[in-house]
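Enquirer:
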Amino acid sequence: MAGKDEVLKVFQQNNVGGLISESVLLKAGLAEATVRQLLQALGTEALPFSTLVDWLWTESIPGERMAPQPLAAAPSDNRAELALQTLALLAAAASWALKGGDGELRVENTPSTPEAFQGFTVAFLAKDNSTLDESVAFASQLSKMMEELLLSSVQLELLPREEALSRICFDNCRAFASSARCSSMALYKVALGAGVGAFYTPAAAPVAQLSSCQVPWKLEALAPGRFKLLGPSLNLSALVPGHFAKLGAPLPLDVGIQECNAAAEAGQQTNMALQAETLQNNTLSELSTRIADAARQKSCVVVVAGPSSSGKTTFSARLALHLQARGVDARPLECDMYFKARADPTHPRDAKGELNFEDPGSLRIHKVKEDLEALMAGKPVELPKFCFKTGEPSRRRRGTSCSSRSRRC
1 MAGKDEVLKV
11 FQQNNVGGLI
21 SESVLLKAGL
31 AEATVRQLLQ
41 ALGTEALPFS
51 TLVDWLWTES
61 IPGERMAPQP
71 LAAAPSDNRA
81 ELALQTLALL
91 AAAASWALKG
101 GDGELRVENT
111 PSTPEAFQGF
121 TVAFLAKDNS
131 TLDESVAFAS
141 QLSKMMEELL
151 LSSVQLELLP
161 REEALSRICF
171 DNCRAFASSA
181 RCSSMALYKV
191 ALGAGVGAFY
201 TPAAAPVAQL
211 SSCQVPWKLE
221 ALAPGRFKLL
231 GPSLNLSALV
241 PGHFAKLGAP
251 LPLDVGIQEC
261 NAAAEAGQQT
271 NMALQAETLQ
281 NNTLSELSTR
291 IADAARQKSC
301 VVVVAGPSSS
311 GKTTFSARLA
321 LHLQARGVDA
331 RPLECDMYFK
341 ARADPTHPRD
351 AKGELNFEDP
361 GSLRIHKVKE
371 DLEALMAGKP
381 VELPKFCFKT
391 GEPSRRRRGT
401 SCSSRSRRC
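Numbering-wise, UniProt numbering puts 200 at position 200 of the sequence shown, and it's gapless, one number per residue.
Printed below as a string of structure tokens:
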């Protein structure tokens, strides 16, 4: 948006509580007639930034640009994720058709490669007395219903807020939608067939037109009440073993969008953040105990994977501290230091021709392998350094090595 820097400078250059003048609003690209109408309605010559944010949010309709599109129209590197999101929508619609509100799905885990699989629980089966046989039978029912729904249709409907909330099928989805400040919202409508009605849910993620979503997929029951949806690649058994179901177990603390909004409105956001922090510390404690036990038996490497800015470095540093407290000399190894030079012709690029740092091919894999093998053998290694300013590997840092008690993390 043109002039956005001027809007930001308001907070840096004035001391009048973040008031934005008409001239700045016009520079920011807002229509002149709209700006004057807004200021006239407020009876002021300057607009508080908080009022501007509320006004812009109210005027937007969450999900209004989420109309289903042909799968082939999506960027090639997004099609797999789009297909899986569409299948997840159909799984929710099928569960509603079979069990009503008791069939509410809750996505419990999505891997760092979101096109790989989704793990979810189903309300009526996520109970202590449910059995795996019941979940296997329900997975078969869901799969059959999803096959039928692939011949149906999904539409985007823009509705007034209250009407939209009344149509949303699942209670938790309704709570999520009700936390949004808006006068209207967009819902996905999946036709369930004559006499059955339709399934409605907030348009929170893009989906594909069902007629274009004929891809391989599979739904599996992993444990009582817990399921794994694979697609469009089914060759993931080596990467996604059955014990991943444990990570999908419902957590004692809900930290969804609606819970965060409710905590903020009640002034409890700090308390909620501290609860989440404590929960992560408990998880780190459990993980470090298991890793330390394994490390005492033989040398091992712990790999922490995830997309950019997902917290890998922070998590690795905290995990290393927990391991060190258990007597394991664990120190993080930063893969960022192993990037290829930006001028390297073998550096992978995305569909726009830009350098793709998300691709593992952007790393000097041979160097990573060489250093890890040396460390596992207890040999000293000089860690590389990458200069992000020049885009070139820089001078090496001080050496490090594995002692008899040292393990790499």
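We put the CB at the ideal spot given by N, CA and C, even for glycine.
Work out the CA separation of residue 231 and residue 341 for me, nearest whole Å.
Expert: The sequence position of residue 341 within the sequence shown is 341, counting from 1. The sequence position of residue 231 within the sequence shown is 231, counting from 1. For residue 341 and residue 231, the distance between alpha carbons rounds to 34 Å.
Enquirer: For residue 224 versus residue 95, is the C-beta spacing smaller than 9 Å?
Expert: Working through the sequence shown from its first residue, we reach residue 224 at position 224. Working through the sequence shown from its first residue, we reach residue 95 at position 95. In this structure, residue 95 does not lie closer than 9 Å to residue 224 by Cβ.
Enquirer: Return the Cβ separation of residue 93 and residue 199 in integer angstroms, given the expectation that the two are a contact with Cβ distance under 8 Å.
Expert: Residue numbering aside, residue 93 sits at position 93 when the sequence shown is read from its first letter. Residue numbering aside, residue 199 sits at position 199 when the sequence shown is read from its first letter. 4 Å between Cβ atoms; contact.
Enquirer: Whose C-beta lies closer than 7 Å to the C-beta of residue 392 among residues of the same chain, with five residues either side of it excluded?
Expert: Counted from its first residue, the sequence shown places residue 392 at position 392. Cβ neighbours of residue 392 beyond the five flanking positions: 341.
Enquirer: Answer yes or no: do residue 186 and residue 86 have a C-beta to C-beta separation smaller than 9 Å?
Expert: To locate residue 186, count along the sequence shown from 1; it is residue 186. To locate residue 86, count along the sequence shown from 1; it is residue 86. It is not a contact, given that the beta carbons lie outside the stated cut-off.
Enquirer: To the nearest angstrom, how far is the alpha carbon of residue 19 from that of residue 100?
Expert: Here residue 19 refers to the residue found at position 19 when the sequence shown is read from its first residue. Here residue 100 refers to the residue found at position 100 when the sequence shown is read from its first residue. Residue 19 and residue 100: Cα-Cα distance of roughly 50 Å.
Enquirer: Please classify residue 291: is it buried, with 16 or more other beta-carbons within 10 angstroms of its beta-carbon, or exposed?
Expert: In the sequence shown, counting from the first residue as 1, residue 291 sits at position 291. With 16 or more other Cβ atoms within 10 Å, it is buried.
Enquirer: Considering Cα atoms alone, identify which of 210, 382, 280 and 314 is closest to residue 338.
Expert: Counting from one through the sequence shown, the residue named residue 338 turns up at place 338. Out of 210, 382, 280 and 314, 382 has the C-alpha closest to the C-alpha of residue 338.
Enquirer: Is residue 20 helix, strand or coil by DSSP?
Expert: Counting from 1 along the sequence shown, the entry for residue 20 is found at position 20. Three-state result, residue 20: strand.
Enquirer: Once DSSP output is grouped into helix, strand and coil, what is the label at residue 298?
Expert: Position 298 of the sequence shown, counted from the first residue, corresponds to residue 298. The answer is coil: DSSP assigns residue 298 none of H, G, I, E or B.
Enquirer: In angstroms with no decimal places, state the Cα-to-Cα distance between residue 156 and residue 164.
Expert: The residue labelled residue 156 in the question sits at position 156 within the sequence shown. The residue labelled residue 164 in the question sits at position 164 within the sequence shown. Between residue 156 and residue 164, the C-alpha separation is close to 12 Å.
Enquirer: Give the list of continuous alpha helix (DSSP H) stretches no shorter than 4 residues that lie fully inside the UniProt domain "Phosphoribulokinase/uridine kinase" (301-395).
Expert: For the UniProt domain "Phosphoribulokinase/uridine kinase" (301-395), whole alpha helix (DSSP H) runs of length 4 or above, ordered along the chain, are 312-324 and 365-376.
Enquirer: With a threshold of 8 Å, are at least 3 pairs of Cβ atoms found where one atom belongs to the stretch 257-264 and the other to the stretch 174-192?
Expert: Segments in contact, yes.
Enquirer: Helix, strand or coil: how does DSSP classify residue 245 here?
Expert: Residue numbering aside, residue 245 sits at position 245 when the sequence shown is read from its first letter. At residue 245 the pLDDT is 39, less than 50, meaning the model places this residue with poor confidence; the figure from the coordinates comes in the next sentence. Note: residue 245 maps to helix in three-state DSSP.
Enquirer: Could you compute how far the alpha carbon of residue 71 sits from the alpha carbon of residue 330?
Expert: If you number the sequence shown from 1, residue 71 lands on position 71. If you number the sequence shown from 1, residue 330 lands on position 330. Cα to Cα, residue 71 sits roughly 45 Å from residue 330.
Enquirer: Can you tell me whether residue 390 is buried or exposed, with buried defined as 16 or more other CB within 10 angstroms of its CB?
Expert: Indexing the sequence shown from 1 puts residue 390 at position 390. So residue 390 counts as exposed.
Enquirer: What's the gap between the Cα of residue 215 and the Cα of residue 84?
Expert: By one-based count along the sequence shown, residue 215 stands at place 215. By one-based count along the sequence shown, residue 84 stands at place 84. Cα to Cα, residue 215 sits roughly 9 Å from residue 84.
Enquirer: CB of residue 198 to nearest heavy atom of the ligand FMN: below 8 Å?
Expert: No copy of the ligand FMN occurs in the structure displayed, which carries no ligand at all.
Enquirer: Looking only at its own chain, which residues have a Cβ that is under 6 Å from the Cβ of residue 136, when we skip the five neighbours before and after it?
Expert: Taking the sequence shown and counting its residues from 1, one reaches residue 136 at position 136. Here the set comprises 221.
Enquirer: For residue 394, does the count of other Cβ atoms within 10 angstroms reach 16, so buried, or fall short, so exposed?
Expert: Translated into positions along the sequence shown, residue 394 becomes position 394. It is exposed - the Cβ of residue 394 has fewer than 16 other Cβ atoms within 10 Å.
Enquirer: Can you check whether the CB of residue 134 is closer than 9 Å to the CB of residue 125?
Expert: Position 125 of the sequence shown, counted from the start, is the residue given in the question as residue 125. Position 134 of the sequence shown, counted from the start, is the residue given in the question as residue 134. A contact, by the Cβ cut-off of 9 Å.
Enquirer: Look at residue 325 and residue 288 and say whether their C-beta atoms are less than 9 Å apart.
Expert: The residue labelled residue 325 in the question sits at position 325 within the sequence shown. The residue labelled residue 288 in the question sits at position 288 within the sequence shown. Taking 9 Å as the Cβ cut-off, residue 325 and residue 288 qualify as a contacting pair.
Enquirer: Taking DSSP as the reference, what is the three-state secondary structure of residue 220?
Expert: Taking the first residue of the sequence shown as 1, we reach residue 220 at position 220. Here residue 220 sits in strand by DSSP.
Enquirer: Tell me which residues share the same chain as residue 361 and place their Cβ nearer than 7 Å to its Cβ, disregarding the 5 neighbours each side in the sequence.
Expert: Position 361 of the sequence shown, counting from 1, holds the residue named residue 361. Here the set comprises 348.
Enquirer: Report yes if the C-beta distance between residue 191 and residue 154 is below 9 Å; otherwise report no.
Expert: As a working note, residue 191 is residue 191 in the sequence shown. As a working note, residue 154 is residue 154 in the sequence shown. Yes. Within cutoff.
Enquirer: Just to check my reading of the structure: residue 318 and residue 363 have Cβ atoms closer than 8 Å, yes? What is that Cβ distance to the nearest angstrom?
Expert: Here residue 318 refers to the residue found at position 318 when the sequence shown is read from its first residue. Here residue 363 refers to the residue found at position 363 when the sequence shown is read from its first residue. Not confirmed; about 23 Å, so no contact.
Enquirer: Indicate the three-state DSSP secondary structure (helix, strand or coil) for residue 101 in the structure shown.
Expert: Taking the first residue of the sequence shown as 1, we reach residue 101 at position 101. The answer is helix: DSSP assigns residue 101 an H, G or I state.
Enquirer: DSSP state of residue 274, grouped into three classes?
Expert: Locating residue 274 in the sequence shown gives position 274, counting from the first residue. Looking at residue 274 - three-state DSSP - the assignment turns out to be helix.
Enquirer: Taking the straight line between their C-alpha atoms, what separation do you get for residue 343 and residue 355?
Expert: Residue 343 sits at position 343 when you count from the first residue of the sequence shown. Residue 355 sits at position 355 when you count from the first residue of the sequence shown. Computed Cα separation, rounded: 10 Å.
Enquirer: Would DSSP call residue 189 helix, strand or coil?
Expert: Within the sequence shown, residue 189 is the residue found at index 189, counting from 1. Three-state result, residue 189: strand.
Enquirer: Which same chain residues end up closer than 8 Å to residue 386 when comparing Cβ atoms and leaving out the 5 residues on each side of it in sequence?
Expert: Residue mapping note: residue 386 aligns to position 386 of the sequence shown, counting from 1. Closer than 8 Å at the Cβ level, and outside the excluded window around residue 386, lie 336, 337, 338, 339, 392, 393 and 394.
Enquirer: Between the beta-carbon of residue 117 and the beta-carbon of residue 91, is there less than 9 Å?
Expert: Sequence index remark: in the sequence shown, residue 117 carries index 117 (1-based). Sequence index remark: in the sequence shown, residue 91 carries index 91 (1-based). Against a cut-off of 9 Å, the Cβ pair of residue 91 and residue 117 comes out as no contact.
Enquirer: Determine the DSSP secondary structure at residue 159, reduced to helix, strand or coil.
Expert: In the sequence shown, the residue the question calls residue 159 occupies position 159. Residue 159: strand per DSSP, three-state reduction.
Enquirer: Identify which residue in 305, 309, 65 and 132 has its Cα closest to the Cα of residue 202.
Expert: Position 202 of the sequence shown, counted from the start, is the residue given in the question as residue 202. Comparing Cα positions, the closest option is 65.
Enquirer: With a threshold of 6 Å on Cβ separation, who are the neighbours of residue 123 within its own chain once the five nearest residues in sequence on each side are excluded?
Expert: Here residue 123 refers to the residue found at position 123 of the sequence shown. So the qualifying residues of the chain are 102 and 104.
Enquirer: Buried or exposed: which applies to residue 322, given that a residue is buried once 16 or more other Cβ atoms fall within 10 Å of its Cβ?
Expert: Residue mapping note: residue 322 aligns to position 322 of the sequence shown, counting from 1. Per the 10 Å Cβ criterion, buried.
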